[in-house]
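Enquirer:
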Amino acid sequence: MSILLRFSTLSLILLLVGVMSGCGKSMTKLLKNPDAAYKLRMAEQFFAKKSFVKAQQVYEDIMPFYKTSKEFEDIYYKYAYCAYNLYDYMNAENLFKSYLEIFPTSARAEEIDYMRAYCFYKQSPKASLDQTNTLKAMGMMQTFINTHPASPRNKEASEIVDLCRAKLETKDFLSAQLYYDLGQFRAAGVAFTALLNSFPESARADEYKLMVIKSYFQFAEMSIEEKRVERFEQVVNECYEFTDRYPDSKYRKDVETFLNKSQNNIKSLQNEQVKTPA
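Residue numbers (this note's numbering): 29 to 306.
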């Protein structure tokens with residue numbers, strides 16, 4: 029049985045190698061064919077069948093022959109989409125950009141303008157990584173909305189802007205939380221404050237403000253004696269700000285706890301200073 033299985037596996041491998049070799053020879057023969065019109069028909073067939081690797085090869089080969097023809101725009105359009113459908117978003121973005129430069133008055137200009145921005149969105153990585161492409165996607169989608177105010181794509185463009193903004197918020201939160209987890213409480217307080225200033229309308233805004241309070245409370249507790257009163261006073265001010273801005277927050281009791289602890293620490297420290305002669 030094992031011999032038969034090995035024979036079947038070997039036969040399958042040989043068959044696949046033969047098919048791939050045949051396909052390779054077929055493509056080489058096609059690309060060497062001097063008939064550009066025939067090659068264009070084949071490229072169109074490959075594209076329609078979603079054989080984007082083959083279509084891309086043939087479109088690239090025939091472009092010089094059609095550069096001054098009426099067919100060139102359609103060839104370039106599909107060539108760009110080959111890169112996009114092969115998940116080569118960096119190349120696709122460059123091709124969409126070039127398309128707009130070559131055919132600025134095209135009826136497809138709005139579509140391609142959107143697709144260029146969308147390529148940056150598709151290159152946006154997870155929140156913990158560099159967000160350059162996320163920022164570009166957000167900016168270009170907003171520009172698209174401003175440039176094409178009546179476009180039916182604006183709803184999706186707005187949703188993508190919101191998704192990008194949420195990812196940037198998550199990245200800033202992770203950075204601030206990392207400072208806190210590492211015990212760098214002053215840096216955490218600054219980072220959570222910056223996060224809150226950048227995203228004041230966030231659904232988590234009160235949570236970020238609580239983290240500002242927690243960070244500065246921890247920083248005050250670890251401070252040298254001469255600095256502790258001043259730093260607990262900062263916590264008290266942050267607590268009052270929280271109460272003013274988020275009177276109905278579910279974190280209000282936590283904030284009251286930090287407020288009471290800070291006020292008690294200030295009183296205790298001030299009493300110690302009175303007892304201790306200068």
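Just so it is clear, CB atoms sit at the ideal spot from N, CA and C, and this is done for glycine as well.
1. Since residue 168 contacts residue 145 with CB under 8 Å, what's their CB separation in whole angstroms?
2. So, at 6 Å on beta carbons, what are the nonlocal neighbours of residue 261 in its own chain, with the 5 sequence-adjacent residues on each side left out?
3. Measuring straight from C-alpha to C-alpha, what distance separates residue 175 and residue 197?
4. Cutting at 7 Å between CB atoms, please list the residues of its own chain near residue 155, excluding the five before and the five after it.
5. Helix, strand or coil for residue 299, going by three-state DSSP, please let me know.
6. Compute the beta-carbon to beta-carbon distance between residue 75 and residue 83, rounded to the nearest angstrom, for a pair I have assumed lies under 8 Å.
7. Could you round the C-beta distance between residue 239 and residue 220 to whole angstroms and report it? I think they count as a contact, below 8 Å.
8. May I have a chain-ordered list of the alpha helix (DSSP H) segments no shorter than 4 residues that lie completely inside the region 54-83?
9. Does the ligand COA have even one heavy atom less than 8 Å from the beta-carbon of residue 190?
10. Measure the CB-CB distance between residue 277 and residue 270 and report whether it falls below 9 Å.
11. Under a three-way DSSP split, which group does residue 191 fall into?
12. Got a sec, what are the start and stop residues for the alpha helix (DSSP H) residue 170 sits in?
Expert: If we stick to the structure as given:
1. 4 Å
2. none
3. 26 Å
4. 195, 198, 199, 202
5. For residue 299, the secondary structure class from DSSP, reduced to helix, strand or coil, is helix.
6. Residue 75 to residue 83, Cβ: 4 Å. Contact.
7. About 4 Å separates the two Cβ atoms, so the contact holds.
8. 64-76
9. The model depicted lacks the ligand COA and carries no ligand whatsoever.
10. yes
11. helix
12. 160-175
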